[in-house]
Amino acid sequence: MHILSLPVVVLSAVASTAVIVYYFAKKTQKQEEDVYEEVGKIQELFLYPVKSMRAIKVPYIELTRIGGQYGEMRDRSFMVVNRDTNKFVSSKFERLLSIITPSIKNGTLTLENKGKTVEVVINDVVAKGDVVTQKVFGEDKCEGFDCGDEVGLFIKEALNVESDMRLVYHSDSLFKQRITETGPQFSNVNVEGQHTIRYQDDAPYMMMTVESIQDLNNRIGDEEMVVERFRPSIYVSDAKAYDEDYWAKVKINNVTLTYLKPCTRCVQTLINPDTGVSNKNLQPLKELRKYRLAPGHLRQQYKESPVLGAHFAATNGGIIRIGDSVSVVRKTTYAC
1042 MHILSLPVVV
1052 LSAVASTAVI
1062 VYYFAKKTQK
1072 QEEDVYEEVG
1082 KIQELFLYPV
1092 KSMRAIKVPY
1102 IELTRIGGQY
1112 GEMRDRSFMV
1122 VNRDTNKFVS
1132 SKFERLLSII
1142 TPSIKNGTLT
1152 LENKGKTVEV
1162 VINDVVAKGD
1172 VVTQKVFGED
1182 KCEGFDCGDE
1192 VGLFIKEALN
1202 VESDMRLVYH
1212 SDSLFKQRIT
1222 ETGPQFSNVN
1232 VEGQHTIRYQ
1242 DDAPYMMMTV
1252 ESIQDLNNRI
1262 GDEEMVVERF
1272 RPSIYVSDAK
1282 AYDEDYWAKV
1292 KINNVTLTYL
1302 KPCTRCVQTL
1312 INPDTGVSNK
1322 NLQPLKELRK
1332 YRLAPGHLRQ
1342 QYKESPVLGA
1352 HFAATNGGII
1362 RIGDSVSVVR
1372 KTTYAC
């Protein structure tokens, strides 16, 4: 009798242990689940189809892993290149680039500058197949289709330069070597995986809050710095100033974005996006350097470059719209 019941006792003990292990595993899992809190809503959405040219406000953005898109318009899928130096051209050094307005409709890119326009038929550019390999930052390379002589001359005249300017277009079928640099030297968040980018500087998306810009303007006092100076993708309202420093994850609708690193600020913020003229008082950089230098060990990486806004990558795809609520998981460590 006792011998026959021994397996039953053993099985009963194993079953009880399994139930206990399952219970505590589920409890631990529940404790470790991300807790989101609503922090604001989307005020504005921006795309930049041509790197360093004017921002385009859009009503919604389809988030992908390598950047946002709105209909035919994909973020930073075009870039200006100086053929003489084989370097990409940024408004940091060619300020007038920032006042050229791009638009895309029916497969055609149109650039407008001071009443003059030029058109680029994208399918014709791809069919011609004039592929160039371009360094963007460091040794990172990204291919692009040369868009031809007419648009190159248009940009050269708009910038009033002697160099041979070219416009290149990146189709997702082309090679790209570029990924966002991440690691403990760049951020206090453990970033998982690699995040591919096209012609963006650092990341697929940049987020900041209305309240951060309002606080900066209050500090400067004598002239307003518009959000277009800072070139965000997603502009959030009804939040605390600089709250974006503390967002580890962001959820908008069913899309989750993961924090990558803070956004450093350079001389590009000095440029008035309506005139292309640089601020004679060195604002907003002068004010930002008083209170927005990177904290802790991150100062060694970013040095005297202030930080404002935060870079993110989308972990899944989906559409976000103006007015959508923004919920976040907060970091457990200090800002940035």
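Using our numbering, the first residue of the sequence shown is number 1042, and each one after it goes up by one.
Note that CB positions come from ideal geometry on N, CA and C, so glycine has one too.
Values in this document were obtained by computation on a predicted structure and should not be read as measured data.
Buried or exposed by the 16-neighbour rule on C-beta atoms within 10 Å, applied to residue i
i	result
arginine 1270	buried
lysine 1302	buried
proline 1314	buried
lysine 1012	Residue 1012 lies beyond the residue range present for the chain, which begins at 1042 and ends at 1377; the question has no answer from this structure.
isoleucine 1220	exposed
threonine 1385	Absent from the model: residue 1385. The displayed extent of the chain is 1042 to 1377, so no value can be given.
glutamate 1191	exposed
threonine 1305	buried
valine 1267	exposed
tyrosine 1332	exposed
aspartate 1242	buried
threonine 1126	exposed
asparagine 1154	buried
glutamine 1341	exposed
phenylalanine 996	Residue coverage of the chain in this structure runs from 1042 to 1377, which leaves residue 996 outside it and unanswerable.
arginine 1115	buried
The alpha helix (DSSP H) enclosing residue i, as first and last residue numbers
i	result
serine 1253	1251 to 1261
valine 1172	From DSSP, valine 1172 is part of no alpha helix (DSSP H) but of the beta strand (DSSP E) over 1172 to 1176.
isoleucine 1163	1163 to 1169
arginine 1330	1326 to 1332
DSSP three-state assignment for residue i, whether helix, strand or coil
i	result
alanine 1280	coil
phenylalanine 1087	strand
glycine 1358	coil
phenylalanine 1195	helix
tyrosine 1077	coil
glutamate 1345	coil
threonine 1441	What is shown of the chain runs 1042 to 1377, which leaves residue 1441 out entirely.
aspartate 1190	helix
tyrosine 1300	strand
glutamate 1265	coil
leucine 1323	coil
glutamate 1285	helix
leucine 1378	In the structure as shown, the chain starts at 1042 and stops at 1377, and residue 1378 therefore has no counterpart that could be examined.
leucine 1215	coil
arginine 1095	coil
arginine 1207	strand
arginine 1270	helix
C-beta atoms of residue i and residue j nearer than 8 angstroms
i	j	result
leucine 1104	isoleucine 1363	no
threonine 1149	valine 1159	no
glycine 1081	valine 1277	yes
tyrosine 1210	glycine 1109	no
glycine 1350	methionine 1248	yes
valine 1370	alanine 1244	no
alanine 1282	serine 1319	no
methionine 1206	glycine 1193	yes
serine 1093	serine 1139	yes
arginine 1272	isoleucine 1107	no
tyrosine 1101	isoleucine 1361	yes
phenylalanine 1178	serine 1212	no
Residue interval of the beta strand (DSSP E) (run including residue i)
i	result
leucine 1152	1149 to 1154
valine 1318	Here valine 1318 belongs to no beta strand (DSSP E), and DSSP marks it neither H nor E.
arginine 1371	1366 to 1371
Checklist entry - Going along the chain, which unbroken runs of the beta strand (DSSP E) with 3 or more residues stay wholly within the region 1102 to 1142? => result 1108 to 1111 and 1119 to 1123
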